[in-house]
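Encoded as structure tokens, the structure appears first; notes follow it.
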Amino acid sequence: MTLILDLASWILLVGGGAFLLIGGLGALRFQTLYARMHAASLTDSIGTLLVLLGILLQAGWTLAGAKIAAILIFMMLTGPTASYALANAAYLSGIRPGTGDEEP
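The sequence shown begins at 0 in numbering that gives the first Met the number 0 and counts up one residue at a time.
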């Protein structure tokens, strides 16, 4: 049973790390502000979810596991909200999607 939990945990951790790495590369590679925000926010949410689930499997149902679950819920609520607030602020400041008005 321990081997199965360890294997599932490592799969989640490696998958989450891959998502975070790909999101970081996407944020560097894309040209427009909105494309960069999309790459960073989407992969940040998925990558963080996978990494924290992998750590939660390792921690088990302890006090540390409860704290990790609370962090997971907090991250899933605040990550998309922060991305929306950033995109809304950019739109209200005059940067329109698809126009290429952003500075390189």
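Every residue gets a Cβ at the ideal spot worked out from N, C-alpha and C, and that includes glycine. Fair warning: this is a prediction, and the values are worked out from it, not measured in the lab.
Check whether residue i and residue j have beta carbons under 8 Å apart
{"i": "GLY78", "j": "LEU11", "result": "no"}
{"i": "THR42", "j": "LEU62", "result": "no"}
{"i": "ALA38", "j": "GLY46", "result": "no"}
{"i": "ALA88", "j": "LEU56", "result": "no"}
Cut-off 7 Å between Cβ atoms - residues of its own chain near residue i, not counting five sequence neighbours on either side
{"i": "ARG95", "result": "none"}
DSSP three-state assignment for residue i, whether helix, strand or coil
{"i": "PRO103", "result": "Confidence in PRO103 is poor, its pLDDT being 48 and thus under 50, which makes the residue's placement unreliable; the coordinate value appears in the next sentence. Coil at PRO103, not helix or strand."}
{"i": "MET0", "result": "coil"}
{"i": "ARG35", "result": "helix"}
{"i": "TRP191", "result": "The chain is shown only over 0 to 103; residue 191 falls outside these bounds and no answer can be derived."}
Inter-residue CB distance, residue i and residue j (contact presumed, cutoff 8 Å)
{"i": "MET36", "j": "LEU91", "result": "14 Å between Cβ atoms; not a contact."}
{"i": "LEU179", "j": "ILE70", "result": "There is no way to answer for residue 179, as the model of the chain reaches only from 0 to 103."}
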